[in-house]
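Let me begin by presenting the structure, written as structure tokens, before commenting on it.
Residue numbers (the working numbering): 199 to 757.
Next up, the structure:
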């Protein structure tokens, strides 16, 4: 009965932690969250248009387009996009996806506690720790880093698989592979960190050739299953603009004197204090862990704390791929899991007791109170995000209307719904011809676009410096109209009375072939070379002679 109650409580706690999102609505001012919502909507529109695995998104920037669907991991996008394809409003689809995230986190911790720990008190402690994890809640409510939160929840399932590998259980191998695959398909940064902690697991938890072989095969299987995503994504990375700014941000180390006014590290450093207090209280009360999973957790927590401090800079220089995470405090995800694992590993021993030393009990009480106080402080810093953070009904309806607009054609309803103030006014804008542009980050745009082509609208959300009002324009005497469009093709009819340049407000990229033929049907399509189909600002542009022409852009991704 106790174990069943634990699982039911996990579901209940997951729903409770999700209720502010599900009832009041998803906040509109989560920095990363709006990007993920936009990508999910773009994915759903492409699927509804017949492109079953879309890799190009034209929703951001009024049709300029990006490789976000090709390069960013797709799992969270699918959780939100499938309800969108089924006809659910964007905010409801997003809320349903976030419910899955909270369930993955809470149920994963409960199932791990059920199969790993023997004492009921510590099972409940691990569950509550996972649900009230400050970094998980910050990702959920403040940053909008929902794919990262999903990967964070999957770490409990990965640990459960590791327990199975250690104990020689059948489910250990497939569960480890599935959890690793889930992390890979959730978030790039989480994948990199998870690869490192999985390597640590081999040295700390597993013993003997048989266990190491199963550990290795589970990782290889995860890589093989997810290869249809990560191989094309890695091949495409050199063709896209790198993150801005690129590389590790030294000012985001905890305790760094270079932290700027808007450094996020200045807000969440207190979580490192919480984790340190948990580690100290665990050692004062129960000493070293005799359980391999607990020792692994201690190694994760201790190494994670060090890697979030400026003293670890040489380690990032030595292992240069680690600089890809940009923010050292991203180590909070595995560090929190490690601290909670080491803390709860007391429950592996059926009759674990406190150390009888009086001074240790006093020290334990002091550090426990410090941990609780710092834990509360780490959430109190974001009280305005956790309480009273919901959008109004008018904002919800306006958001639905704006996201429904086709980025290539004017949208009068969107222009009417666009507010002049508030969060939506920062995320959306109207072009001169009445099309709706969704702001975004230029990270996944084609690499050949100069930075001068961007307008830094806000610190996070950028818009292009559009060279014209209409999506398509002809510099000579004549007319141009969009005759056909789909997720993978745009076809235009150009009636040119004089020679001129046809320019489209879509970034030029080798994946998009520019084809031209006379409109009278005579002759075959002639492909224009990529270098001859772009202007100096990175927009698609070709020169046409006088006459009536069919011009087509066709997507054909091949590397």
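In this text, a Cβ means the ideal position worked out from N, Cα and C, and glycines have one as well.
Problem set entry | Cα-Cα separation, residue 399 to residue 671 | 58 Å
Problem set entry | Cut-off 7 Å between Cβ atoms - residues of its own chain near residue 336, not counting five sequence neighbours on either side | 466, 580
For this session: Identify whether residue 286 lies in helix, strand or coil by the three-state DSSP scheme.
Result: coil
Exercise. Would residue 375 pass as a contact of residue 420 if the rule is Cβ separation under 7 Å?
Worked result: yes
Exercise. Going along the chain, which residues of its own chain have a beta-carbon closer than 8 Å to the beta-carbon of residue 613, five neighbours each way excluded?
Worked result: 628, 632, 634
For this session: Could you say which of 598, 705, 272, 744 lies nearest to residue 649 if we only look at CA atoms?
Result: 705
For this session: Tell me residue 364's beta-bridge partners as DSSP assigns them.
Result: Paired residue(s): none; residue 364 is not in a bridge.
Exercise. Along the chain, where does the beta strand (DSSP E) that runs through residue 750 open and close?
Worked result: 745–753
Exercise. What whole-angstrom Cβ distance do residue 409 and residue 488 have, given they're in contact under 8 Å?
Worked result: Contact doesn't hold; Cβ gap of about 18 Å is too wide.
Exercise. Cα separation between residue 405 and residue 416?
Worked result: 16 Å
Problem set entry | Where the alpha helix (DSSP H) through residue 713 begins and ends | No alpha helix (DSSP H) contains residue 713, which is instead part of the beta strand (DSSP E) from 710–716.
Problem set entry | Range of the contiguous alpha helix (DSSP H) that encloses residue 584 | 581–584
For this session: Please determine, among 744, 206, 403, 309, the residue with the shortest C-alpha to C-alpha distance to residue 717.
Result: 744
Exercise. Counting Cβ pairs closer than 8 Å, one from the segment 289–306 and one from the segment 657–676, do we hit at least three?
Worked result: no
Exercise. So, is residue 444 buried or exposed, given that buried needs 16 or more other C-beta atoms within 10 angstroms?
Worked result: exposed
For this session: Just confirm the distance between the C-beta atoms of residue 208 and residue 304, as a whole number of angstroms; I'd bet it's less than 8 Å.
Result: 4 Å
For this session: Evaluate contact between the segment 251–263 and the segment 635–644, counting only Cβ atoms and requiring at least three cross-stretch pairs below 8 Å.
Result: yes
Exercise. Roughly how many whole angstroms lie between the Cα atoms of residue 559 and residue 482?
Worked result: 7 Å
Exercise. Are the beta-carbon atoms of residue 525 and residue 450 separated by less than 7 Å?
Worked result: yes
Problem set entry | Cβ-based neighbour list, residue 427, same chain, cut-off 8 Å, excluding 5 preceding and 5 following | 271, 272, 382, 383
Exercise. What are the start and end residues of the alpha helix (DSSP H) that includes residue 413?
Worked result: 407–434
Exercise. For residue 373, which of 315, 429, 310 has the nearest alpha-carbon?
Worked result: 310
Exercise. Roughly how many angstroms separate the alpha carbons of residue 446 and residue 223, rounded to a whole number?
Worked result: 34 Å
Exercise. Among 203, 345, 252, which one has its Cα closest to the Cα of residue 687?
Worked result: 252
Problem set entry | Contact set for residue 654: own chain, Cβ-Cβ below 8 Å, skip 5 residues either direction | 660
Exercise. Do you know offhand how far residue 476's Cα is from residue 353's?
Worked result: 19 Å
Problem set entry | Cβ pair residue 723, residue 753 closer than 7 Å | no
For this session: Would you tell me roughly how many angstroms separate the C-alpha atoms of residue 454 and residue 470, rounded to the nearest one?
Result: 14 Å
Exercise. So what does DSSP say about residue 224, is it helix, strand or coil?
Worked result: coil
Problem set entry | Chain-order list of residues whose beta-carbon lies under 6 Å from that of residue 167 (same chain, five-residue window excluded) | Only positions 199 to 757 of the chain appear in this structure, which leaves residue 167 out of reach.
For this session: Could you tell me how far apart the beta carbons of residue 227 and residue 598 are, in whole angstroms, since I believe they sit closer than 8 Å?
Result: Not quite, the Cβ-Cβ distance comes to about 17 Å (not below 8 Å), so this is no contact.
For this session: Count the other CB atoms, across all protein chains shown, that sit within 10 Å of the CB of residue 605; report buried if there are 16 or more and exposed otherwise.
Result: buried
Problem set entry | Cβ contact (3+ pairs, closer than 8 Å) linking the segment 334–350 and the segment 266–285 | yes
Problem set entry | Best match in 320, 689, 521, 532 for proximity to residue 503 [C-alpha to C-alpha] | 532
For this session: Specify the secondary structure class of residue 525 as computed by DSSP and reduced to three states.
Result: coil
Exercise. If you measure from the CB of residue 730, is any heavy atom of the ligand MN nearer than 6 Å?
Worked result: Only the bare structure without any ligand can be found here, which leaves the ligand MN out of the picture.
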